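Before any comments, here is the structure.
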Amino acid sequence: MDIRRATVIAGVSLTALVAAGCGSNNSSTTETVTIETPPVSRETTNTGMPMPGMNGDAFQTPGTSSGEVNAFTYDAAAVPVGSSVDIESDENDGRTTVTFSAQGLAPNRDFGVHVHTRPCGPKPSDAGPHYQNNVDPAATPETPSSDPAYANPQNEVWLDVTTDAAGNAQASTTVDWEFREDQAQSVVLHAQHTMTEPGKAGMAGDRLACIDEDF
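Quick note: the sequence shown uses my numbering, first residue -7, plus one each step.
Written as structure tokens, this is what we have:
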């Protein structure tokens, strides 16, 4: 059994300046005090530090330096800097179970979640198409697979979720195959649940975020 795990988390910091003055009938003085405040907003500039109570690599915006795991948000309103994603993959006896857990995403909204073929990059398209066990021979880089015979949750890894009021969600799926080595390298969060009808199968809207995962 081969278990691999990647945790992606981020945090931010904020500095505030406070000035205080006092005086009397005979004299006056002014004192300036600098106070460091803890992180208070996931929408401020990412410092690469995890949020309190969380561990792992910082979720960053494209163009910033990254740690061992690239984790990019392309839409900070849906996937804020400071949100966290945990992915587990368990391969055993020719079958694979992938589990997705998230904290701090936009609350009460749908996400499509798929395994993709290439690592994350500055552009959403850098992650390439969905990983397929049986690859659609009609698909091209310009026209990804949308045939339900290939773009389906038995031939791909779909982990669609709906977050709760706190932005948390979890999903798990098991497929009857194992990943080919070095051909499944990231997980992408999309803007909606995955469609299934012909010509649209596998589509789930814009790519909102990407997390490297070496399956």
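Think of the CB as a built atom: it goes at the ideal place given N, C-alpha and C, for glycine as much as any other residue.
Bear in mind the structure is a predicted one, so any value in this text is a computation, not a measurement.
In this structure, what does DSSP give as the bridge partners for residue i?
{"i": "residue 189", "result": "None, per the DSSP bridge assignment."}
{"i": "residue 93", "result": "78, 162"}
{"i": "residue 178", "result": "108, 204"}
{"i": "residue 167", "result": "88"}
Reducing DSSP to helix, strand and coil, say where residue i ends up.
{"i": "residue 130", "result": "coil"}
{"i": "residue 78", "result": "strand"}
{"i": "residue 118", "result": "helix"}
{"i": "residue 55", "result": "coil"}
{"i": "residue 63", "result": "strand"}
{"i": "residue 150", "result": "strand"}
{"i": "residue 112", "result": "coil"}
{"i": "residue 156", "result": "coil"}
{"i": "residue 172", "result": "coil"}
{"i": "residue 227", "result": "With the chain represented from -7 up to 207, any question about residue 227 goes unanswered, as that position is not in the structure."}
Are any of the Cβ atoms in chain D nearer than 8 Å to that of residue i?
{"i": "residue 82", "result": "The structure shown contains no chain D; it holds only a single protein chain."}
How long is the line joining the alpha carbons of residue i and residue j, rounded to whole angstroms?
{"i": "residue 89", "j": "residue 146", "result": "12 Å"}
{"i": "residue 38", "j": "residue 98", "result": "Here residue 38 scores only 32 on pLDDT, less than 50, and its place in the model is too uncertain to base an answer on."}
{"i": "residue 45", "j": "residue 141", "result": "Caution is warranted here: a pLDDT of 42 is assigned to residue 45, below 50, making its placement in the model unreliable, and no coordinate value can be reported."}
{"i": "residue 87", "j": "residue 200", "result": "29 Å"}
{"i": "residue 100", "j": "residue 73", "result": "18 Å"}
{"i": "residue 187", "j": "residue 144", "result": "9 Å"}
{"i": "residue 105", "j": "residue 129", "result": "23 Å"}
{"i": "residue 34", "j": "residue 51", "result": "Only weak support is given to the placement of residue 34: the predicted model assigns it a pLDDT of 30, under 50, and the value that follows is read from those uncertain coordinates. Computed Cα separation, rounded: 10 Å."}
{"i": "residue 81", "j": "residue 91", "result": "7 Å"}
{"i": "residue 185", "j": "residue 173", "result": "28 Å"}
{"i": "residue 103", "j": "residue 85", "result": "30 Å"}
{"i": "residue 157", "j": "residue 148", "result": "29 Å"}
Using a Cβ-Cβ cutoff of less than 8 Å, which residues in the same chain neighbour residue i once the five nearest sequence positions on both sides are dropped?
{"i": "residue 16", "result": "Its pLDDT being 40, under 50, residue 16 is placed unreliably in this model, and the value from its coordinates should be taken loosely. Excluding residues within five positions, none has a Cβ falling inside 8 Å."}
{"i": "residue 71", "result": "51, 65, 97, 98, 181, 200, 201"}
Beta-carbon within less than 7 Å of residue i's beta-carbon, same chain only, minus the 5 sequence neighbours each way: which residues are those?
{"i": "residue 193", "result": "138, 139, 140, 143, 144, 187"}
{"i": "residue 131", "result": "121, 137"}
For the ligand FAD, is there any heavy atom lying closer than 7 Å to the beta carbon of residue i?
{"i": "residue 143", "result": "With respect to the ligand FAD, the structure shown offers nothing to examine, as it has no ligands at all."}
Keeping to the same chain, check which residues put their C-beta closer than 6 Å to that of residue i; ignore five residues upstream and five downstream.
{"i": "residue 64", "result": "54, 112, 202"}
{"i": "residue 163", "result": "92, 151, 153"}
{"i": "residue 119", "result": "108, 110, 112, 178, 180, 202"}
{"i": "residue 136", "result": "121"}
- Three or more C-beta pairs below 8 Å linking the segment 119 to 136 and the segment 164 to 177: yes
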